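In this note's numbering, the protein residues as written are 3 to 108.
We treat Cβ as the ideally placed atom computed from N, Cα and C, and that holds for glycine.
Just so we're clear, the structure is a prediction, and the values are computed from it rather than from any experiment.
In what follows, a single structure is set out as structure tokens and then discussed.
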């Protein structure tokens, strides 16, 4: 399993739905939005939004959802709302697909 990934599980209510969690290092107030998946599996996301009133969190969720071609409701911050290190839950995609799509959009 790649470093930076905390959990991969199947949801009980719907056997076809998958979910995974990834750890992300966020850089707010960047010059442009972008992401990178490093060789050790760490995910870094840069957003132009400032870390005020959860603007950066909203920007991270929107950016990751856009990269993964998912609706924003399928991506959420579950740990680290006030930290640069966050745990992001992604519903509807397997971990391998998430990592591949993030690398494609890097």
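Subject >> CB of residue 25 within 8 Å of CB of residue 96, strictly >> reply: no
**OP:** Can you tell me which of 75, 74 and 89 puts its alpha carbon nearest to the alpha carbon of residue 81?
**Re:** 89
**OP:** Tell me the start and end of each unbroken alpha helix (DSSP H) in the segment 28–75 that is at least 4 residues and wholly inside, in chain order.
**Re:** 57–70
Original post:
Taking just the CA atoms, how far does residue 100 sit from residue 149?
Top reply: Summary: the structure shown does not reach residue 149, with the chain confined to residues 3 through 108, and so no result is reported for it.
Original post:
Exposed or buried, what is residue 59 when buried is set at 16 or more other beta-carbons lying within 10 Å of its beta-carbon?
Top reply: buried
Original post:
Should residue 48 be labelled buried (16 or more other beta-carbon atoms within 10 Å of its own) or exposed?
Top reply: buried
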